[in-house]
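Enquirer: Next up is a structure, given as structure tokens.
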Amino acid sequence: MAATILDLTNVQKTYKGKVEALRGISLQVAEGSIFGLLGPNGAGKSTLVKILTTIIHPTRCEGTMLGYPVGHKPILRQVGYLPEHVRFPAYLTGRQVIQYAAGLAGVRVDRERLRNLLRLVGMEEASERILKTYSKGMVQRIGFAQALVNDPKLIFLDEPTDGVDPEGRRVMRELLLKLRSEGRTVFVNSHLLGELETVCDSVAILKEGAVVRQGALAELTAGSCRFEIITAGPIGEEMAERFRANGLVVEERRVEVPGGEAEPVQPVLDALRSGGSVITEVRQVRQSLEDLFLESVADESGWEGKDPS
């Protein structure tokens with residue numbers, strides 16, 4: 140079982156005016172994993188990341204990071220951070236940004252290390268151009284490189300693919316997987332659920348400053364597995380009503396059998412065939428991360444369906 144690199148038991152943040160941004164956050168992140176933090180706008184995602192990177196002070200914080208109490212400044216030497224809105228002087232080149240970040244971190248970056256970082260993010264050829272000429276995606280890639288300049292064990296990425304084109308997202312995705320393969324831990328906050336679903340080992344979903352769901356992604360989505368049976372022609376109404384009476388979802392040419400076990404599917408297939416239906420497809424469907432997210436944050440105010448961020 141992997142060690143826990145981040146263990147939070149009670150993180151609170153209350154701003155003046157009694158606005159509760161975080162309400163007793165508790166979560167755990169395994170070492171060498173990719174962890175995704177999700178939530179609608181205003182849920183407290185960026186606030187939590189800023190507390191963990193000591194940018195803002197919590198009202199209360201109980202927990203450890205890299206084996207030390209959260210807020211212990213010396214451990215930041217082992218932490219990388221890419222903020223949501225990357226702001227570097229526009230007159231600097233990509234290479235200079237990394238050198239500048241290295242200076243702030245108090246680390247020495249030789250020519251080979253600099254070249255490797257630029258190559259890692261696909262920016263070696265554009266490294267001598269000033270940031271003013273970069274696209275948003277190129278700036279994000281340079282930001283990613285500077286987050287790795289101190290060879291961190293734990294990397295915080297706040298909306299790393301925001302405004303990045305599909306090719307840039309592919310590069311970022313490959314980077315995350317590479318970092319994990321090296322034993323590093325990546326804590327990523329993003330509203331691009333499809334991107335997170337392909338790389339995350341575990342996730343936590345925030346709503347109004349509190350964790351509403353947390354765990355391994357495969358386990359969280361496994362509970363809502365189902366089988367779909369597709370037929371060549373319409374299913375007879377009498378048979379459809381019989382299926383519905385047994386709790387199945389039936390559409391014109393589709394029957395949905397809940398659960399991840401195949402055993403309950405066979406009687407449905409037998410009934411369809413005996414009724415003259417031709418089966419064209421049987422597939423297992425797992426709940427998507429987006430489905431899980433919408434289910435977790437939906438409320439009576441009708442939030443469900445709005446863009447997560």
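Under my numbering, the first residue of the sequence shown carries the number 140, and numbering increases by one thereafter. Idealized CB from N, CA, C, for every residue including glycine. Quantities reported herein were computed from a predicted structural model and do not represent experimental measurements.
(1) In angstroms with no decimal places, state the Cα-to-Cα distance between P406 and V389.
(2) Check for me: the beta strand (DSSP E) holding V394 runs from which residue to which?
(3) Which runs of the beta strand (DSSP E) at least 3 residues long sit entirely within the region 282–312? Give them in chain order.
(4) Using the rule of at least 16 other Cβ atoms within 10 Å of the residue's Cβ for burial, across every protein chain shown, is S320 buried or exposed?
(5) If you draw a straight line from the C-alpha of R268 to the C-alpha of A244, how long is it?
(6) Of all the options R258, P305, Q235 and S427, which has the alpha carbon lying nearest to the alpha carbon of T360?
(7) Output needed for K275: all residues of its chain with C-beta closer than 6 Å, excluding positions within five of it in sequence on either side, in chain order.
(8) Between the C-alpha atoms of L231 and L253, what's the straight-line distance to the nearest angstrom?
(9) What number of angstroms, rounded off, separates the C-alpha of G242 from the C-alpha of Q285?
(10) Assuming I237 and V278 form a contact by the criterion Cβ under 8 Å, report the distance between their Cβ atoms to the nearest whole angstrom.
(11) If you compare alpha carbons, which of A379, G348, R162 and E170 is closest to S341?
(12) Hey, V350 and A343: beta-carbon distance below 7 Å or not?
(13) Which value, in whole angstroms, describes the spacing of the CA atoms of V325 and P305?
(14) With DSSP as the reference, label E380 as helix, strand or coil.
(15) Taking the alpha carbon of P197 as the point to measure from, which residue in D249, G206 and Y154 has its own alpha carbon closest?
(16) Count the other CB atoms within 10 Å of the CB of I194; is the residue buried (16 or more) or exposed (fewer)?
(17) Take I369 as the anchor and find which of G307, L335 and V424 has the nearest alpha-carbon.
(18) Quick one, are the C-beta atoms of T148 and Q167 less than 7 Å apart?
(19) Once DSSP output is grouped into helix, strand and coil, what is the label at A169?
(20) If distances are taken between C-alpha atoms only, which option among G322, R309, R323 and Q353 comes closest to E334?
(21) Just the Cα atoms here: how many angstroms apart are E391 and L408?
(22) Can you give me the C-alpha to C-alpha distance between V354 and L331, rounded to a whole angstrom?
(23) Residue ranges of each alpha helix (DSSP H) run of no fewer than 4 residues wholly in the region 206–265, ordered along the chain?
(24) When the distance is taken between beta carbons, is E201 closer than 7 Å to G348?
(25) Less than 7 Å between CB atoms is the rule here; does N289 satisfy it with respect to chain D?
(26) So the candidates are L221, L176, R365 and V417; which of them puts its Cα closest to the Cα of P291?
(27) With which residues is S341 paired in a DSSP beta bridge?
(28) Output the boundary residues of the alpha helix (DSSP H) element that contains Q405.
(29) On the DSSP bridge list, what partners appear for G202?
(30) Let me know the secondary structure DSSP gives A361 once reduced to three states.
(31) Does the distance from the C-beta atom of E367 to that of S329 stay below 7 Å?
Expert: On the basis of the coordinates in this document:
(1) So the alpha carbons of these two residues sit roughly 15 Å apart.
(2) From DSSP, the beta strand (DSSP E) with V394 extends over R393 to P397.
(3) The region 282–312 contains, as complete beta strand (DSSP E) runs of 3+ residues, the segments 293–297 (chain order).
(4) So S320 counts as exposed.
(5) Each residue's Cα considered, the two are about 23 Å apart.
(6) Taking each of R258, P305, Q235 and S427 in turn and checking the Cα distance to T360, the smallest one comes out for S427.
(7) The answer, listed in chain order, is G302.
(8) A straight line joining the alpha-carbon of L231 with that of L253 spans about 15 Å.
(9) CA-to-CA, the gap between G242 and Q285 works out to about 11 Å.
(10) The C-beta distance from I237 to V278 rounds to 13 Å, too long to fall under 8 Å, and the pair is not in contact.
(11) The candidate whose alpha carbon is nearest that of S341 is E170.
(12) Yes. Within cutoff.
(13) One C-alpha to the other measures close to 21 Å.
(14) Of the three classes helix, strand and coil, the one that applies to E380 here is helix, per DSSP.
(15) For P197, the nearest C-alpha among the options comes from Y154.
(16) Answer is exposed; the Cβ neighbour count stays below 16.
(17) Measuring from the Cα of I369, the nearest candidate turns out to be V424.
(18) Result no, Cβ atoms of T148 and Q167 do not sit closer than 7 Å.
(19) A169 falls in the strand class under three-state DSSP.
(20) Among G322, R309, R323 and Q353, the Cα nearest to that of E334 belongs to R309.
(21) The alpha-carbon separation between E391 and L408 amounts to approximately 15 Å.
(22) Checking the sequence shown, residue 354 turns out to be Gly, not Val. Taking the straight line from one Cα to the other gives about 18 Å.
(23) The qualifying runs are 233–244 and 250–259.
(24) For G348 and E201, no; Cβs fall outside 7 Å.
(25) This model lacks chain D altogether; it includes just one protein chain.
(26) Ranked by Cα distance from P291, the first of L221, L176, R365 and V417 is L221.
(27) Under DSSP, S341 shares a beta bridge with F174 and A355.
(28) In the DSSP assignment, Q405 falls within the unbroken alpha helix (DSSP H) covering V404 to S413.
(29) When DSSP reads this structure, G202 sits in a beta bridge with L147.
(30) Reduced to three states, the DSSP call for A361 is helix.
(31) Contact flag unset, no.
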